[in-house]
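Protein chains in written order, with my numbering: chain F, 480 to 803; chain X, 480 to 803; chain C, 480 to 803; chain L, 480 to 803. Beta carbons are placed, not taken as given, at the ideal position from N, Cα and C, and that holds for glycine.
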């Protein structure tokens with residue numbers, strides 16, 4: 480059985496009410512950064528950096544933390560370190576904001592292991608993309624999410640990340656998941672607004688089934704389209720910018736025009752180098768430049784070299800002079 | 480430091496001589512099946528089935544066992560079960576044939592965990608494909624294999640599997656790896672003979688650097704091209720067919736003409752259904768039909784249904800009447 | 480030498496001023512539908528349908544016509560029919576709106592043939608995507624556009640359509656093209672807002688280098704991002720909806736909130752069936768339902784069957800009740 | 480109606496017997512080079528080079544000529560030049576070997592135009608890959624080949640080239656085509672031996688339905704698998720090598736062991752540079768080095784520069800010393 484978690488954050492509307500029966504409701508909204516994992520060395524957390532980062536994010540006004548996702552290098556971290564990260568983060572957050580933990584793994588049992596550690600630590604919800612070694616068919620994916628949701632000790636948020644998992648979550652699979660009381664929402668990192676529009680239409684009228692988006696470049700448009708919030712890497716660096724952007728988007732305030740290009744500009748953090756990992760390296764590099772944490776990367780990646788570091792420094796400098 | 484392992488199997492030429500210094504030599508050849516992992520339920524080995532399977536393979540004349548690869552559902556199995564499988568297999572094999580253990584994982588430390596379990600159990604070598612969540616650049620891949628080989632307690636065989644890992648191992652990376660004394664050979668599952676030809680040319684004159692191939696459909700051609708052996712899923716079902724095929728290919732005996740189409744025919748086991756997993760399902764289904772082990776699949780997959788089972792039964796029936 | 484064409488359409492800002500020297504300026508903006516090509520049979524125009532379609536579009540307030548693009552089935556039409564279409568369209572349009580003609584072809588000389596027919600007919604500009612049989616490298620693409628622009632009798636608009644041409648036009652290639660006086664703008668049909676943002680930043684300050692977008696689903700967002708107009712298939716069916724949408728977007732009027740979902744809804748016309756051609760079939764089907772022209776398709780495609788036709792009819796019916 | 484063509488070339492078994500009714504039979508076998516198109520400038524044939532090339536090929540013992548395929552830059556050449564090439568080639572060949580003409584085009588009517596020019600010139604058969612701008616579904620492809628074969632004035636050979644046309648020809652579509660009397664065989668350039676095996680099994684017993692292969696690297700294996708011949712770019716350069724290879728493969732003579740690596744080595748001509756066009760450039764460069772014809776390339780490509788030319792020269796030099 481899974482425990483009841485009930486939280487209310489008036490400021491950003493986050494609420495997960497998990498019950499044993501069918502009447503569970505959940506609302507996620509606002510900016511929930513996909514937190515990078517501060518490392519000092521292989522398999523070793525940067526403890527002080529982690530503390531600083533959590534405070535940086537919470538004081539920046541984020542509506543939650545999302546651990547061990549793509550930006551959090553989740554798939555590159557071992558089970559022990561994943562558990563330690565979740566435990567330390569939940570302890571320090573101490574209920575100030577909800578904590579979501581990504582359990583994506585190619586091995587079902589390892590997903591359950593992370594999930595149990597998350598539940599024990601007091602996390603609020605779990606997130607899972609499809610297993611990503613073999614491409615899946617639609618029936619296989621539906622079977623997988625059913626089985627996973629059934630075993631998890633906390634509610635589940637679907638995670639669509641086709642660029643890395645190979646298989647997008649079909650719209651029909653998402654529609655079906657909306658009827659599973661343990662599946663409480665979705666994060667879409669496809670960057671595909673056509674797909675997002677279909678998802679949003681499929682959940683029309685379900686204010687309790689939040690859809691968050693991951694893509695940095697399309698956040699402003701996704702918000703207009705009706706998405707409930709963002710899980711955007713750049714919010715690790717400038718959480719207040721993203722939080723203010725979210726507030727402005729919700730209230731349709733005039734700040735939008737000023738904030739919009741600043742959010743878009745953060746997308747450049749993802750284009751510093753040709754490799755898929757350059758976004759994560761860029762965020763870690765920026766946080767290191769800001770004195771928040773180390774920029775050590777888990778294998779197979781390495782931190783940026785001096786040349787790339789300079790380009791990140793320029794971007795950060797330029798943005799700092801403008802962000803609120 | 481890593482221990483010295485020295486074995487000689489005159490029958491198939493397998494020899495790994497690992498030393499502390501540079502003069503290590505290693506020869507792998509013959510048929511080394513990518514053993515499926517017999518399961519009774521989620522996270523639960525089929526112990527009796529595993530014993531029967533190992534005896535089926537060894538008595539069938541295979542030159543080694545390859546555990547936890549793609550066909551072995553390695554990425555879908557948790558750390559505990561991987562260790563148990565390696566431990567039980569090594570104990571039962573008891574040095575009769577070499578045991579290779581695939582440590583491919585998106586997390587470096589989990590690869591090390593499997594590797595240590597393998598070394599403790601007495602396995603002979605390790606195998607690793609590039610981590611497969613993010614696509615890698617060439618420098619990143621070289622850095623990764625250097626770091627991994629440096630940490631592993633046993634020699635390493637490279638594993639090229641671009642269809643599932645996204646990033647092929649560049650020919651230049653393989654050429655460079657040949658100079659690393661801890662990297663003793665390669666398994667190429669690309670099915671791309673042009674790539675294979677380049678690898679074989681790059682290792683020209685290095686009789687101590689074996690190249691094995693995984694693709695069922697191109698094994699006969701790869702053998703002609705100069706490959707040293709096969710890691711072919713179908714050998715789980717009919718090990719003797721593949722072992723005889725290998726002997727005939729080495730000795731260029733007349734049996735080749737009779738055996739060639741039988742080996743090619745096994746490729747149909749991989750086309751029974753449209754999903755990427757149909758090959759593994761087919762092999763497990765065939766072994767279940769032969770009374771060797773259960774055909775339970777780890778998530779996200781399920782065993783074949785009755786309809787597909789019938790088609791596998793037809794193929795097996797047809798082949799049984801012809802294989803030696 | 481190429482002739483001077485100078486037109487001014489105050490209503491939508493379209494202006495092409497082509498001169499022999501370097502001081503050419505050009506402005507394209509507004510809705511320029513990628514006109515479908517009305518056919519009665521293979522290699523046979525639906526003349527009456529073409530006339531009705533052109534009047535439907537011009538009276539609907541479009542800012543130009545774009546012939547022989549992807550939606551216009553350009554690559555599926557022979558040289559003779561392409562020339563006939565251009566000639567008839569220009570004659571009937573008679574300068575009321577600018578006519579752009581797509582000359583994309585895998586054969587350079589065939590692009591020139593279409594271009595000459597377009598210049599002879601009085602078209603205003605040409606459009607070209609990279610040749611699409613072989614993938615191109617960046618130097619090859621730059622060489623190609625330089626050579627093509629140099630030979631064309633009219634100014635050239637670049638056409639980015641990576642989903643079908645295989646090779647996206649790199650941002651650096653576009654930036655370089657801005658210095659070529661014969662290349663006067665761009666149509667981006669990638670649907671990738673990250674790419675669009677980079678292009679828009681690269682042309683910052685160049686009000687004479689218009690960027691139009693093709694993707695139906697992202698038009699509203701692209702307009703906000705700074706794009707100058709849309710080349711959207713749905714505008715064949717409801718030109719007034721798109722024209723009004725454009726005006727509202729430019730003037731930031733309150734109509735946007737009402738029009739936005741109607742434009743987004745048109746994206747469903749592209750998802751009626753799984754094949755890449757379903758968008759074109761859908762538009763032709765809708766125009767046939769509206770009594771404007773035949774829905775005959777050039778090989779390799781066939782018109783929608785009754786079942787799909789009904790679904791298009793529903794969409795059209797629903798939209799008709801709401802569009803202005 | 481289409482004319483009767485009946486030819487018999489005892490030496491290599493080529494025979495096309497086209498009749499008005501159902502009893503047409505056709506046999507293609509041996510080496511049929513995908514002839515490059517010698518150009519002097521854009522849209523201008525190198526007449527003297529073409530003559531020399533044709534004599535070089537015929538005297539080298541090829542079993543036919545294949546014009547305007549991928550290697551022949553077909554899609555990059557305009558209709559006029561295609562017709563001129565076919566006309567000149569047929570005139571000079573004068574029945575000494577069969578001439579096959581590729582009519583692949585995105586426009587059906589342009590395919591018919593090339594086909595008529597080919598029939599008028601006395602060509603023996605036509606070849607067509609699926610149109611390649613839009614990806615096709617299977618029913619669309621079947622409809623297309625049915626319609627095309629129905630209109631063509633000569634028998635049709637299917638051409639599978641998925642790397643460039645996007646859509647592979649499904650095995651079921653090929654099986655269906657075998658029942659169409661106007662479709663007399665297939666050229667498979669997929670390089671995928673698993674696919675080839677399925678095709679060969681599907682045509683089991685049909686000695687009148689030849690399957691030729693295009694991939695340089697897998698020709699020797701394809702011949703063993705049962706293919707009837709090769710359409711290999713390298714045969715432009717060393718026709719005798721390929722012709723002898725074919726004879727040795729048919730007669731299973733001992734020459735195979737000597738010739739096999741030489742044929743494989745030619746695959747390097749395709750890896751000289753990273754662009755998809757490097758194979759064609761390499762062949763033209765080699766022919767230019769041999770004094771046979773110009774190496775001018777149609778847009779969007781350019782001939783090799785000095786550096787790449789040197790590498791081709793080395794390969795040619797090395798091979799010349801060894802080929803028969």
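Taking only the alpha-carbon atoms, compute the straight-line gap between residue 557 of chain L and residue 776 of chain L and give it to the nearest angstrom. 13 Å
Determine which residues share a DSSP beta bridge with residue 513 of chain X and list them. X/545
So with Cβ pairs under 7 Å, would you call residue 792 of chain C a contact of chain F? No, because no Cβ of chain F sits closer than 7 Å to the Cβ of residue 792 of chain C.
Kindly indicate if chain F contains any beta-carbon less than 7 Å away from that of residue 700 of chain C. yes
So, does the CB of residue 435 of chain L fall closer than 7 Å to a CB anywhere in chain C? It is not possible to answer for residue 435 of chain L, since the shown part of chain L is limited to 480 through 803.
If you measure from the beta carbon of residue 673 of chain C to each beta carbon in chain F, is any gap under 7 Å? yes
Could you check the C-alpha separation between residue 785 of chain L and residue 791 of chain L for me, to the nearest Å? 10 Å
Euclidean distance between Cα positions of residue 651 of chain L and residue 588 of chain X: 47 Å
Counting only Cβ pairs nearer than 8 Å, list the residues of chain X close to residue 557 of chain F. 586, 587, 588, 589, 592
In three-state terms, what does DSSP make of residue 662 of chain L? Note: residue 662 of chain L maps to strand in three-state DSSP.
Can you name the residues that DSSP bridges to residue 639 of chain C? C/667
Whether residue 673 of chain X touches residue 696 of chain L by CB criterion (7 Å): Yes. Within cutoff.
Shorter than 7 Å from the beta carbon of residue 820 of chain X to some beta carbon of chain L? Residue numbering for chain X in the displayed model covers 480 to 803; residue 820 of chain X lies beyond these limits and cannot be assessed.
Would you decide whether residue 666 of chain X is buried or exposed? Buried here means 16 or more other CB atoms lie within 10 Å of its CB. buried
What residues from chain C crowd round residue 678 of chain F, counting only those whose CB sits closer than 7 Å? The premise fails here: residue 678 of chain F is roughly 13 Å from chain C at the closest Cβ pair, so nothing lies under 7 Å.
At least three beta-carbon pairs within less than 8 Å, the stretch 523 to 536 of chain L to the stretch 570 to 582 of chain C: No, the stretch 523 to 536 of chain L does not touch the stretch 570 to 582 of chain C.
Exposure of residue 538 of chain L, with buried meaning 16 or more beta-carbon neighbours within 10 Å: Around the CB of residue 538 of chain L, fewer than 16 other CB atoms lie within 10 Å, so the residue is classed as exposed.
Alpha-carbon spacing of residue 564 of chain F relative to residue 711 of chain F, whole angstroms: 20 Å
For residue 750 of chain L, which of helix, strand or coil comes out of DSSP? coil
Can you confirm whether residue 600 of chain F, when its beta carbon is compared against all beta carbons of chain X, has any partner nearer than 7 Å? no
Residue 520 of chain X, buried or exposed, once every other Cβ within 10 Å from all chains shown has been counted against 16: It counts as exposed.
Pull the bridge partners of residue 579 of chain F from the DSSP assignment, please. F/545, F/604
What residues of chain L sit near residue 623 of chain C, judged by a beta carbon separation below 8 Å? 778, 779
Residues of chain C with CB under 7 Å from residue 743 of chain F, in chain order? 676
Report the neighbours of residue 746 of chain F on chain C: residues whose CB is nearer than 8 Å to its CB, in chain order. 673, 676
What did DSSP end up calling residue 802 of chain F once you bin it into helix, strand or coil? coil
Per-residue DSSP class, three states only, for residue 560 of chain X: Of the three classes helix, strand and coil, the one that applies to residue 560 of chain X here is helix, per DSSP.
The stretch 720 to 737 of chain C / the stretch 590 to 610 of chain L touching (three or more Cβ pairs under 8 Å): no
Helix, strand or coil at residue 789 of chain C according to DSSP, with G and I counted as helix: helix
Below 6 Å CB to CB, which residues in the same chain sit around residue 598 of chain C once its five sequence neighbours on both sides are set aside? 632, 633
Taking the beta carbon of residue 801 of chain F as the centre, do at least 16 other beta carbons fall within 10 Å, making it buried, or is it exposed? Under this definition residue 801 of chain F is an exposed residue.
Taking 7 Å as the threshold (C-beta atoms), are residue 764 of chain F and residue 788 of chain F in contact? yes
What does the Cβ neighbour count give for residue 508 of chain X, buried or exposed, with the cut at 16 atoms within 10 Å? So residue 508 of chain X ends up on the buried side.
Have a look at the DSSP bridge pairing and note the partners of residue 523 of chain F. F/520
So residue 718 of chain C and residue 510 of chain C are supposed to be a Cβ contact under 8 Å. How far apart are they, rounded? 7 Å
Proximal residues, the stretch 522 to 543 of chain F versus chain X, C-beta separation under 9 Å: 522
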